[in-house]
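Numbering (the working numbering), first residue to last: 2 to 548. For glycine and all other residues, C-beta sits at the position ideal for the given N, C-alpha and C. Computed from a predicted model, the values in this text were never measured in an experiment. Worksheet for the structure shown next.
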């Protein structure tokens with residue numbers, strides 16, 4: 002029988018070293034595996050928590066008015082854990098690339114369109130708790146925004162007109178006779194042109210490939226090509242035919258549409274959506290295009306509107322340039338965009354006919370001066386989807402001046418100088434004359450909010466914002482405030498009956514004069530003491546993560 006080796010001999014033996022090394026390595030390997038499992042679990046839990054934060058932010062941004070409840074509901078749908086909503090902030094996100102990404106979200110700013118949520122959870126390690134390690138806190142944050150867009154414009158409500166006034170206006174702006182009939186005008190005023198579809202047709206016609214709508218509008222386009230594209234972008238057959246006829250008569254002058262149309266976020270778009278058009282009436286778009294085509298911005302003509310009691314009307318109209326960065330039509334989010342009318346001066350020398358009491362012809366020269374009216378997009382509402390969309394505009398009518406007076410028509414185009422007005426001789430008899438003078442200034446410095454619902458937006462409804470002073474019956478107001486001065490044999494002798502007769506004639510003619518002023522200013526795209534605005538379309542955005 003072998004005797005066991007003495008213990009002292011074990012020190013020198015080497016036959017068990019591999020087993021010992023394997024045991025130590027296995028322990029280290031198991032420790033690394035435990036650490037790897039816990040680290041991977043922590044990473045996956047952070048990913049899961051970030052996904053919950055993203056979902057909560059998107060839910061809140063979809064309807065910021067109820068953002069907290071929607072975010073909490075999104076968190077509640079997460080798998081059972083210790084996740085909780087620690088912070089919920091409503092604010093405004095500005096996508097302007099000129100702003101640093103970290104500064105584009107402003108907490109509490111109005112109108113709000115974004116939500117930022119912060120979540121917290123605790124993860125219990127799988128193996129590290131054996132060594133006494135407690136649950137690890139983790140956090141996640143997400144910011145989401147919904148950018149709702151609206152297209153809106155400012156101008157004037159187009160109404161029925163008499164005589165050849167539309168043709169006279171557009172022909173002078175075009176620099177050639179257009180032979181526009183009243184039926185043509187009626188068709189153009191009632192036709193809607195999809196501006197994005199028009200841009201697609203222009204892109205194809207002028208041979209531009211793979212360029213954005215913004216690049217198309219920034220290209221110099223010949224008027225005939227533009228009007229032909231307008232014809233292809235309207236569903237009104239009569240207007241399309243009238244536009245194609247006009248295209249053959251227009252001069253080959255070029256326009257850059259981005260000076261009057263600001264596509265905003267749609268600048269980079271390349272495809273139109275017929276279910277979400279951005280539309281304008283054809284007459285206004287044609288008039289605004291002619292104004293920027295490099296021709297005259299002054300109209301001087303004589304017309305007979307066929308209004309009872311009104312004879313020949315001599316008209317001088319001067320339309321100023323739009324202010325820089327102030328287009329006629331704009332697309333943007335609430336609080337971002339402002340549109341303005343152009344400064345305008347108008348002088349009408351109106352002959353009154355069929356004057357009673359044996360008076361000679363009575364003339365009534367009416368002067369109208371309009372500063373810029375403006376509209377700002379106050380809010381876009383898309384709660385409930387596109388079918389319940391709405392938009393609100395803050396509208397400021399133009400400060401206006403109206404007068405019965407004579408003036409120098411050559412000075413109308415100098416908007417830097419105030420017009421010099423003088424009493425107008427309204428009656429000239431062999432032995433007597435009557436002069437008249439009235440001068441009224443209208444307010445319009447306070448913005449007024451006007452709201453459009455989905456039906457009004459889709460129907461192209463135009464709404465009017467008026468000043469609190471004289472908004473309608475301008476000629477009537479002038480005549481009520483006119484000062485009449487009669488001269489007999491060149492002397493200021495008493496001529497009470499003559500003054501009374503002239504006053505009665507003017508009072509009787511006031512409604513007809515109001516009709517003249519209303520038609521002329523409306524065709525020019527302005528209103529006295531009023532601003533007409535329209536929401537041309539709304540695009541409800543989809544919530545997206547922005548931080």
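Where does the unbroken beta strand (DSSP E) through residue i begin, and where does it stop?
i: residue 195; result: 193–195
i: residue 320; result: 311–320
i: residue 538; result: 531–540
i: residue 337; result: Element bounds for residue 337: n/a, residue is neither H nor E.
i: residue 213; result: Residue 213 -> no beta strand (DSSP E), and no H or E assigned at all.
i: residue 345; result: 345–353
i: residue 121; result: 115–124
If the criterion is Cβ atoms closer than 7 Å, does the pair residue i and residue j meet it?
i: residue 531; j: residue 465; result: yes
i: residue 117; j: residue 136; result: no
i: residue 174; j: residue 291; result: yes
i: residue 189; j: residue 280; result: no
i: residue 381; j: residue 149; result: yes
i: residue 541; j: residue 389; result: no
i: residue 403; j: residue 451; result: no
i: residue 64; j: residue 454; result: no
i: residue 87; j: residue 76; result: no
i: residue 499; j: residue 487; result: yes
i: residue 414; j: residue 289; result: no
i: residue 506; j: residue 356; result: yes
i: residue 293; j: residue 260; result: yes
So for residue i, helix, strand or coil by DSSP?
i: residue 545; result: strand
i: residue 458; result: helix
i: residue 415; result: coil
i: residue 472; result: Residue placement at residue 472 cannot be trusted, given a pLDDT of 48 that sits under 50; what the coordinates show is reported in the next sentence. Of the three classes helix, strand and coil, the one that applies to residue 472 here is coil, per DSSP.
i: residue 255; result: strand
i: residue 303; result: strand
i: residue 391; result: strand
i: residue 277; result: coil
i: residue 184; result: helix
i: residue 201; result: helix
i: residue 480; result: helix
i: residue 162; result: coil
i: residue 174; result: helix
i: residue 400; result: coil
What are the boundary residues of the alpha helix (DSSP H) that includes residue i?
i: residue 504; result: 497–525
i: residue 242; result: 238–248
i: residue 228; result: 224–233
i: residue 77; result: 68–77
i: residue 289; result: 283–292
i: residue 327; result: Here residue 327 belongs to no alpha helix (DSSP H), and DSSP marks it neither H nor E.
i: residue 150; result: Counting along the chain, residue 150 falls outside any alpha helix (DSSP H), though it belongs to the beta strand (DSSP E) covering 150–156.
Using the rule of at least 16 other Cβ atoms within 10 Å of the residue's Cβ for burial, across every protein chain shown, is residue i buried or exposed?
i: residue 472; result: Its pLDDT being 48, under 50, residue 472 is placed unreliably by the model, and nothing is read from it.
i: residue 67; result: exposed
i: residue 322; result: exposed
i: residue 363; result: buried
i: residue 46; result: buried
i: residue 341; result: buried
i: residue 537; result: buried
i: residue 48; result: exposed
i: residue 405; result: buried
Looking at the C-beta of residue i, does it have a partner C-beta in chain C at a distance below 7 Å?
i: residue 242; result: Going by chain labels, chain C is absent from the structure shown, which holds only one protein chain.
Considering only residues of the same chain and omitting the five flanking positions on each side of residue i, which have a CB-CB separation below 6 Å?
i: residue 225; result: 248 and 251
i: residue 301; result: 317
i: residue 240; result: 188, 189, 192 and 283
i: residue 436; result: 424, 426 and 486
i: residue 1; result: No information on residue 1 is available, as it lies outside the stretch 2 to 548 that the chain covers here.
Grab me the residues of residue i's own chain with a C-beta within less than 8 Å of its C-beta, minus the 5 sequence neighbours each way, in chain order.
i: residue 262; result: 196, 218, 328, 329, 330 and 331
i: residue 221; result: 255, 256 and 257
i: residue 275; result: 195 and 198
i: residue 410; result: 301, 317 and 348
i: residue 520; result: 160, 162, 163, 166 and 306
i: residue 115; result: 62, 65, 91, 92, 93, 94, 106, 144, 145, 146, 147 and 547
Keeping to the same chain, check which residues put their C-beta closer than 7 Å to that of residue i; ignore five residues upstream and five downstream.
i: residue 398; result: 374, 445, 466, 467, 468, 530, 531 and 532
i: residue 513; result: 308, 309, 310 and 311
i: residue 199; result: 230, 231 and 234
i: residue 54; result: 118, 120, 141, 142 and 143
i: residue 212; result: 204
Just to check, is the beta-carbon of residue i closer than 6 Å to a non-hydrogen atom of the ligand MN?
i: residue 202; result: This structure lacks the ligand MN; in fact it carries no ligand of any kind.
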